[in-house]
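**Q** Line order of the protein sequences matches chains A and B. With the UniProt record's numbering applied, the first sequence corresponds to residues 1 to 343, in that order. With the UniProt record's numbering applied, the second sequence corresponds to residues 1 to 383, in that order.
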Amino acid sequence: MTTHTTARPAAKAAAKPATMAQALQRAMRDAMAEDPTVHVMGEDVGTLGGVFRVTDGLAKEFGEDRCTDTPLAEAGILGAAVGMAMYGLRPVVEMQFDAFAYPAFEQLVSHVSRMRNRTRGTMPMPLVVRIPYGGGIGGVEHHSDSSEIYYMATPGLHVVTPATVEDAYGLLRAAIASDDPVVFLEPKRLYWSKSDWSPEAPAAVEPIGKAVVRRPGTSATLVTYGPSLPVCLEAAEAAAAEGWDLEVVDLRSLVPFDEETVCASVRRTGRAVVVHESTGFAGPGAEIAARITERCFHHLEAPVLRVAGFDIPYPPPMLERHHLPGVDRILDAVARLQWEAQS
Amino acid sequence: MQQRSSTVQEPPGAARDYRLTPPPAWQPRTDPAPLLPDAEPVRVLGTDAVADADPALLRRLYAELIRGRRYNAQATALTKQGRLAVYPSTTGQEACEVAAALALEERDWLFPSYRDTLAAVARGLDPVEALTLLRGDWHTGYDPHEHRIAPLSTPLATQLPHAVGLAHAARLKGDDVVALAMVGDGGTSEGDFHKALNFAAVWQAPVVFLVQNNGFAISVPLAKQTAAPSLAHKAVGYGMPGRLVDGNDAVAVHQVLTEAVTRARRGGGPTLVEAVTYRIDAHTNADDATRYRGDAEVETWRAHDPIVILERELTERGILDEDGRRAAAEDAEEMAARLRERMNADPVLDPMDLFAHVYAEKTAQLREQAAQLRAELDAESEA
Ligand SMILES: Cc1ncc(C[n+]2csc(CCOP(=O)(O)OP(=O)(O)O)c2C)c(N)n1
Numbered sequence: 001m002t003t004h005t006t007a008r009p010a011a012k013a014a015a016k017p018a019t020m021a022q023a024l025q026r027a028m029r030d031a032m033a034e035d036p037t038v039h040v041m042g043e044d045v046g047t048l049g050g051v052f053r054v055t056d057g058l059a060k061e062f063g064e065d066r067c068t069d070t071p072l073a074e075a076g077i078l079g080a081a082v083g084m085a086m087y088g089l090r091p092v093v094e095m096q097f098d099a100f101a102y103p104a105f106e107q108l109v110s111h112v113s114r115m116r117n118r119t120r121g122t123m124p125m126p127l128v129v130r131i132p133y134g135g136g137i138g139g140v141e142h143h144s145d146s147s148e149i150y151y152m153a154t155p156g157l158h159v160v161t162p163a164t165v166e167d168a169y170g171l172l173r174a175a176i177a178s179d180d181p182v183v184f185l186e187p188k189r190l191y192w193s194k195s196d197w198s199p200e201a202p203a204a205v206e207p208i209g210k211a212v213v214r215r216p217g218t219s220a221t222l223v224t225y226g227p228s229l230p231v232c233l234e235a236a237e238a239a240a241a242e243g244w245d246l247e248v249v250d251l252r253s254l255v256p257f258d259e260e261t262v263c264a265s266v267r268r269t270g271r272a273v274v275v276h277e278s279t280g281f282a283g284p285g286a287e288i289a290a291r292i293t294e295r296c297f298h299h300l301e302a303p304v305l306r307v308a309g310f311d312i313p314y315p316p317p318m319l320e321r322h323h324l325p326g327v328d329r330i331l332d333a334v335a336r337l338q339w340e341a342q343s
Numbered sequence: 001m002q003q004r005s006s007t008v009q010e011p012p013g014a015a016r017d018y019r020l021t022p023p024p025a026w027q028p029r030t031d032p033a034p035l036l037p038d039a040e041p042v043r044v045l046g047t048d049a050v051a052d053a054d055p056a057l058l059r060r061l062y063a064e065l066i067r068g069r070r071y072n073a074q075a076t077a078l079t080k081q082g083r084l085a086v087y088p089s090t091t092g093q094e095a096c097e098v099a100a101a102l103a104l105e106e107r108d109w110l111f112p113s114y115r116d117t118l119a120a121v122a123r124g125l126d127p128v129e130a131l132t133l134l135r136g137d138w139h140t141g142y143d144p145h146e147h148r149i150a151p152l153s154t155p156l157a158t159q160l161p162h163a164v165g166l167a168h169a170a171r172l173k174g175d176d177v178v179a180l181a182m183v184g185d186g187g188t189s190e191g192d193f194h195k196a197l198n199f200a201a202v203w204q205a206p207v208v209f210l211v212q213n214n215g216f217a218i219s220v221p222l223a224k225q226t227a228a229p230s231l232a233h234k235a236v237g238y239g240m241p242g243r244l245v246d247g248n249d250a251v252a253v254h255q256v257l258t259e260a261v262t263r264a265r266r267g268g269g270p271t272l273v274e275a276v277t278y279r280i281d282a283h284t285n286a287d288d289a290t291r292y293r294g295d296a297e298v299e300t301w302r303a304h305d306p307i308v309i310l311e312r313e314l315t316e317r318g319i320l321d322e323d324g325r326r327a328a329a330e331d332a333e334e335m336a337a338r339l340r341e342r343m344n345a346d347p348v349l350d351p352m353d354l355f356a357h358v359y360a361e362k363t364a365q366l367r368e369q370a371a372q373l374r375a376e377l378d379a380e381s382e383a
């Protein structure tokens, strides 16, 4: 942590709080430095450093063969990554926005997710698909989808989403190290969120599949992930004023799902609300609520509730605040957890 | 030719033994030479061919270019005032946008990409309705049927197969309607571009593909997008003619597109037109172009500005005089002032619209969610 060295941009950046985008960049940089088989590829990832600057500097440092601007074709990018992985490389693919990953969906579903299975374990797919996802940044049509449920519903894929700067680093390192394909969902409205995490300090590499309690509490559990975590923490603070001591669980990994941490929390509190901005009908919360009910039925004081985005195509920016689950909707749900009083 | 059009104009579903009478369109081309683009882009300005052009058309093209440039400047200014979420400018590319609109008849359809607001406006679409997507009040701010303009497509190249399907359907119905589909150079790498070209050629659909090769896909230069001699060359492999045109020469683009549209209308099948142009502004107002290109390149292209070269030629030939230039400028200024004024008013939005058009009839779940939002809004307005 030298601040006295002459204008070294990296050293300078380290003195300031790091953003999630910087932590992700650092994770790729460290992985590429340690392992020559790690390759980054996608649209505009080279000279430009990605439209969110997450790959900034990688092409310069590692050369264009290791951080490659590809032709503009998502199916081509992911399909080529499959072939590269077959030959022993570890591709890290960037999809520019959630809705632009759909052309690559066939490769993901038909090949990436099931290659290990169909080859009886002889051909693993150690690749990462990084996808900026979710709303809240005022993006125009096709720039705000929450597409996690499509990936969650596809066996063979890990689905991971960090909510903090520290996790962005730790989870991406773990994703790149994973011998199975990982869909790495980056909450784009948290790209610029900051923390005191220093890119210079050694950071923990989180194993994929572990949820974490972000705020301990006793009266109910908010189960959430990615972009909704800060909203839930805010709701928990607001609820405290009304006598609710909410526990907040950050899933971090949607597949595999950390049932143990979630159920331990719900057994302690007896009540649960699942919060996410993806649609509610057949959304991630449906699976999570069903699972909690199956495992914790006798501990529950109230039905497991969901606070989700409406079941509509993602709305235009001027209306998105009405769609995204905010603090008030979470507090309303928490109030409805007083089940005994109602029934 | 005759035989084919009579075959396809049968109503859909009519009994027909395809093994006995394969449509001629299915026969492979044996000689690719006529399909190949010329080595040099077609140019009209600076050649004797200008003398053959209709002076009224030339003045019209000029006036539309001036309006287009002013529109780009105004829309860009609106992003700075926060009135538009984002604007992908077509400054430098106005000749392609305007020619696209003017090459079509009223009954034809335009399939624009996200950058082609200007083509839609030049086709007669209300400028404010054209900007709704970018302002953020709704995804498509107009009725596509009214002006026969499909929604501006943000996912690249995905609108191209739609253009083929619409053109095919029109022909099945016996209408002499042509679809013009626009895409960028980057978009030609997408699978949908290739699927669309193939379908169009196999079906001999009355569709024209216009590629605006403006040098970049965000930061990625053409050299990293394709190894082909030109994008127009891609047509040959599918069995349709490829044409290469100077995209800053409004007269040439209009001429080449009009030929392609006429050919399609007469049953001659699809054409791929590559217009070589340049994106003077950054990708959008949110992009920093200095990261991937130098000023020298931009300046070279400024000298070949579509307005500069047309104005010079028309003035030299006495087709345009001081009065004509002033009239065009005043008209553009008036359009901009109206646009500014209308865009400065806050759009009136009803959040309940979120549920209005998801299905023809709301599901029970949507009715419930609508009631929830209604209650929230009522509580908000009471507070
Ligand atoms: C399927 C898809 N992938 C990625 C994007 C993100 N994106 C928007 S514009 C753009 C570059 C487009 O370049 P080009 O096709 O040359 O058109 P231009 O912007 O130059 O008009 C990209 C990559 C997108 N809109 N759709």
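Where a beta carbon is used, it is the ideal one built from N, C-alpha and C, also for glycine.
What does H323 (chain A) reach in chain B if we use C-beta pairs closer than 7 Å?
**A** Result: L354.
**Q** Output the distance between the C-alpha atoms of S113 (chain A) and L157 (chain A), rounded to the nearest integer angstrom.
**A** Cα to Cα, the separation comes out at about 5 Å.
**Q** List the residues of chain A that I218 (chain B) touches, going by C-beta distances under 8 Å, in chain order.
**A** What I218 (chain B) touches in chain A: E43, D44, L48 and V51.
**Q** D328 (chain A) to Q369 (chain B), Cα distance in whole Å?
**A** Taking the straight line joining both Cα atoms gives about 15 Å.
**Q** Can you say whether H298 (chain A) is buried or exposed, counting buried as having 16 or more other CB atoms within 10 angstroms of its CB?
**A** Looking at its Cβ environment, which holds fewer than 16 other Cβ atoms inside 10 Å, H298 (chain A) is exposed.
**Q** Please tell me whether, using a cut-off of 7 Å, the distance from the CB of E74 (chain A) to the nearest non-hydrogen atom of ligand 1 is below it.
**A** Correct: E74 (chain A) has its Cβ closer than 7 Å to ligand 1.
**Q** Identify each residue in the segment 122-147 of chain A for which the Cβ-Cβ distance to at least one residue of chain B is less than 8 Å, and report them in chain order.
**A** Those would be G138, G139, V140, E141, H142 and H143, in chain order.
**Q** Quick one, are the C-beta atoms of E247 (chain A) and L324 (chain A) less than 8 Å apart?
**A** Not closer than 8 Å, so no.
**Q** Going straight from the alpha carbon of A75 (chain B) to that of H283 (chain B), what length do you get?
**A** So the alpha carbons of these two residues sit roughly 14 Å apart.
**Q** For R215 (chain A), which residues does DSSP report across the bridge?
**A** Note: R215 (chain A) sits in a beta bridge opposite A:V248.
**Q** Below 8 Å, how does it come out for the segment 179-187 of chain A and the segment 212-224 of chain A: are there three or more Cβ pairs, yes or no?
**A** No, because fewer than three Cβ pairs between the segment 179-187 of chain A and the segment 212-224 of chain A fall closer than 8 Å, the two stretches do not touch.
**Q** Any heavy atom of ligand 1 closer than 7 Å to the CB of G186 (chain B)?
**A** Flag set: Cβ of G186 (chain B) near ligand 1.
**Q** Is the Cβ-Cβ distance between residue 389 (chain B) and T277 (chain B) less than 8 Å?
**A** For residue 389 (chain B) there is no data in the structure shown, the boundaries of chain B being 1 and 383.
**Q** Taking G280 (chain A) as the reference, which of A:T55, A:Q107 and A:S147 has the closest Cα?
**A** Checked all of A:T55, A:Q107 and A:S147; the closest Cα to G280 (chain A) is A:S147.
**Q** Name, in chain order, the residues that DSSP records as bridge partners for F209 (chain B).
**A** Note: F209 (chain B) sits in a beta bridge opposite B:A181 and B:L272.
**Q** Please determine, among B:N248, B:I280 and B:R342, the residue with the shortest C-alpha to C-alpha distance to V98 (chain B).
**A** It is B:N248.
**Q** Could you work out which residue in A:V140, A:I131 and A:S144 is closest to V160 (chain A) when comparing CA atoms only?
**A** For V160 (chain A), the nearest C-alpha among the options comes from A:I131.
**Q** In this structure, does DSSP put Y133 (chain A) in helix, strand or coil?
**A** Three-state DSSP puts Y133 (chain A) in a strand.
**Q** For W339 (chain A), name the three-state secondary structure that DSSP assigns.
**A** Three-state DSSP puts W339 (chain A) in a helix.
**Q** Which same chain residues, not among the five before or five after P315 (chain A), have their C-beta less than 6 Å away from its C-beta?
**A** Counting only Cβ-Cβ distances below 6 Å, and skipping sequence neighbours, we find H323.
**Q** DSSP has H158 (chain A) in a bridge; who is on the other side?
**A** DSSP, once it has assigned bridges, lists A:V182 as partnering H158 (chain A).
**Q** Output, in chain order, the set of chain B residues within a Cβ distance shorter than 7 Å of A238 (chain A).
**A** Neighbours of A238 (chain A) on chain B: none; closest Cβ ~16 Å, over 7 Å.
**Q** The segment 142-160 of chain B: which residues have C-beta closer than 7 Å to a C-beta of chain A, in chain order?
**A** Here the close residues are T154, P155 and L156.
**Q** In the DSSP assignment, find the unbroken beta strand (DSSP E) run with F111 (chain B) in it and report its ends.
**A** That run of the beta strand (DSSP E) goes W109 to F111.
**Q** Between G136 (chain B) and V140 (chain A), how many whole angstroms is the CB-CB distance? I'm expecting something under 8 Å.
**A** 6 Å between Cβ atoms; contact.
**Q** Between the C-alpha atoms of G267 (chain B) and V208 (chain B), what's the straight-line distance to the nearest angstrom?
**A** Approximately 12 Å between the Cα atoms of the pair.
**Q** My guess is that I330 (chain A) and V266 (chain A) are in contact by the Cβ rule of under 8 Å, so how many angstroms apart are they, rounded?
**A** Their Cβ separation, rounded to whole angstroms, is 16 Å, which puts I330 (chain A) and V266 (chain A) out of contact at 8 Å.
**Q** Where does K16 (chain A) sit, in a helix, a strand or coil, going by DSSP?
**A** K16 (chain A) falls in the coil class under three-state DSSP.
**Q** Do the CB positions of L118 (chain B) and A250 (chain B) come within less than 8 Å of each other?
**A** No.
**Q** Could you list which residues in chain B have their beta carbon closer than 8 Å to that of M84 (chain A), in chain order?
**A** Here the premise fails: no neighbours, minimum Cβ distance about 18 Å.
**Q** Taking 8 Å as the cut-off, decide whether the C-beta atoms of A21 (chain A) and Y191 (chain A) are in contact.
**A** Yes.
**Q** Below 7 Å on C-beta distance, what does L171 (chain A) contact in chain B?
**A** Neighbours of L171 (chain A) on chain B: none; closest Cβ ~27 Å, over 7 Å.
**Q** Between the Cα of G165 (chain B) and those of B:L156, B:L180, B:M352 and B:T154, spot the shortest distance and give me the residue it belongs to.
**A** Comparing Cα positions, the closest option is B:L180.
**Q** Mind checking which residues open and close the alpha helix (DSSP H) that includes E330 (chain B)?
**A** Start and end: E322 to N344.
**Q** Output needed for G141 (chain B): all residues of its chain with C-beta closer than 6 Å, excluding positions within five of it in sequence on either side, in chain order.
**A** Closer than 6 Å at Cβ, skipping near neighbours: E129 and T132.
**Q** Taking DSSP as the reference, what is the three-state secondary structure of A217 (chain B)?
**A** Residue state, collapsed to three classes: strand.
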